[in-house]
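Below is one structure, written out as structure tokens; the observations come after it.
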Amino acid sequence: MSRSLDLTAVSRDGATAPLHFDVEGVLNMGSATRDAAVAKKHQDEVALHGIAIATHVPAPRLYPMAVDGVSTGDRVEVHTAETSGEVEIVLVLADQLYVGVGSDHTDRLLERASIPYSKQACANILGAEVWPFAEMADTWDQCVLRSWVDGRLYQEVGVDAFLKPTDVLDIVADRAPGFPTSNALIFCGTIVSVDKRLGFGARWEFEIEDPVGGRKIRHAYDVVDMFSAIKPEYRVPVLTGSVGPDDLK
Numbered sequence: 039m040s041r042s043l044d045l046t047a048v049s050r051d052g053a054t055a056p057l058h059f060d061v062e063g064v065l066n067m068g069s070a071t072r073d074a075a076v077a078k079k080h081q082d083e084v085a086l087h088g089i090a091i092a093t094h095v096p097a098p099r100l101y102p103m104a105v106d107g108v109s110t111g112d113r114v115e116v117h118t119a120e121t122s123g124e125v126e127i128v129l130v131l132a133d134q135l136y137v138g139v140g141s142d143h144t145d146r147l148l149e150r151a152s153i154p155y156s157k158q159a160c161a162n163i164l165g166a167e168v169w170p171f172a173e174m175a176d177t178w179d180q181c182v183l184r185s186w187v188d189g190r191l192y193q194e195v196g197v198d199a200f201l202k203p204t205d206v207l208d209i210v211a212d213r214a215p216g217f218p219t220s221n222a223l224i225f226c227g228t229i230v231s232v233d234k235r236l237g238f239g240a241r242w243e244f245e246i247e248d249p250v251g252g253r254k255i256r257h258a259y260d261v262v263d264m265f266s267a268i269k270p271e272y273r274v275p276v277l278t279g280s281v282g283p284d285d286l287k
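Sequence positions in the sequence shown follow the numbering used here and run 39 to 287.
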């Protein structure tokens with residue numbers, strides 16, 4: 039099974055080319071930082087919400103995702119009020135290696151029970167533009183990631199906090215030999231928010247900035263509560279024994 043995406047490859051000289059991309063594999067990574075202490079701050083952040091990281095599995099941790107859960111759209115449909123985005127580097131393995139930016143939107147209520155299931159419960163959002171990595175490899179570490187929730191700055195970090203794209207590919211090849219080496223996406227993990235707490239909101243924006251090239255890739259999406267169309271008294275619990283979505287604040 040594959041999922042077709044229509045992307046645009048943008049070079050530093052401004053040249054553009056359509057990139058029709060059939061996704062045959064998706065991985066989301068966790069704790070994919072060069073310094074383990076940086077990843078620990080995000081682990082502490084999610085722990086405040088009762089979320090436990092499988093620290094017995096060596097970092098970076100790999101979460102395989104369904105290919106039909108990837109979208110370049112402008113909305114994410116959710117079941118609870120406790121969902122949030124995470125700005126991430128996205129590696130696009132096509133005719134060559136491209137880099138882009140995305141959001142690993144996650145159901146934090148479900149994440150208390152299962153991290154892989156919580157990520158699968160929401161779409162992976164990808165900006166529709168990507169950059170050829172080869173032409174910016176020497177200045178890659180100067181790029182910056184940012185995200186906002188409801189207009190408030192939520193995350194800001196240099197990409198030099200994360201494993202280099204080539205190192206990510208080496209790790210995936212070693213630990214997931216069955217993962218496709220082309221026609222695939224890798225979401226490369228995230229870091230703690232600026233206020234060190236998970237944020238929830240209705241509008242998420244994210245970007246990657248290339249200051250050397252004087253350019254950005256930016257994308258935004260709205261969070262849609264699917265239960266909002268149903269009267270409260272008819273809303274089934276999201277988890278067995280839990281209260282209704284309106285009470286999950």
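Heads up, the beta-carbon is just placed ideally off N, CA and C, and yes, glycines get one too.
Given the structure is predicted, the values throughout are model-derived calculations rather than measurements.
Where residue i falls: helix, strand or coil (DSSP)
i	result
Ala53	coil
Glu120	coil
Thr228	coil
Asp106	helix
Arg146	helix
Leu141	The sequence given here places Ser at residue 141; Leu does not occur at that position. In this structure, Ser141 counts as strand in the three-state DSSP scheme.
Gly282	Bear in mind that a pLDDT of 43 at Gly282, under 50, signals an unreliable position, so the number given afterwards is only what the model happens to contain. Of the three classes helix, strand and coil, the one that applies to Gly282 here is coil, per DSSP.
Glu271	helix
Glu245	strand
Leu65	strand
Lys287	With a pLDDT of 37 at Lys287, under the threshold of 50, the predicted position of this residue should be treated as unreliable, and no value is reported.
Ala199	helix
Arg113	strand
Thr177	helix
Asp212	helix
Val182	strand
Thr204	helix
Ser42	strand
Ala47	strand
Of the listed residues the options, nearest to residue i (C-alpha basis)
i	options	result
Gly307	Ser220, Gly237, Phe225 and Thr228	In this structure the chain extends from 39 to 287, so residue 307 is not present and cannot be described.
Asp112	Tyr101, Ile127, Val105 and Glu243	Glu243
Val276	Thr110, Ala119 and Pro96	Ala119
Phe93	Ile153, Gly138 and Val108	Just to set this straight, residue 93 is Thr in the shown sequence, not Phe. Answer by Cα proximity: Ile153.
Thr228	Thr177, Tyr272 and Gly140	Gly140
Ala240	Gly123, Ser69 and Ala172	Gly123
Asp212	Lys234, Ala172 and Pro98	Pro98
Rounded Cβ spacing between residue i and residue j (contact assumed at less than 8 angstroms)
i	j	result
Val261	Val116	6 angstroms
Leu131	Asn221	7 angstroms
Pro105	Ser40	First, the residue type needs correcting, since residue 105 is Val and not Pro in the sequence shown. Confirmed, about 6 angstroms.
His58	Asp44	6 angstroms
Where the beta strand (DSSP E) through residue i begins and ends
i	result
Ser220	Where Ser220 is concerned, there is no enclosing beta strand (DSSP E), given that its DSSP letter is neither H nor E.
Ala258	Arg253 to Asp263
Opening and closing residue of the alpha helix (DSSP H) in which residue i lies
i	result
Pro154	Ile153 to Gln158
- Task: Give a yes or no on contact between the segment 147 to 158 and the segment 247 to 259, applying the rule of three or more CB pairs nearer than 8 angstroms.
- Result: no
- If we count Cβ pairs, one from each stretch, closer than 8 angstroms, do we get three or more for the segment 145 to 155 versus the segment 165 to 179? no
- Would you be able to state if there are at least three C-beta pairs under 8 angstroms between the segment 210 to 219 and the segment 56 to 65? yes
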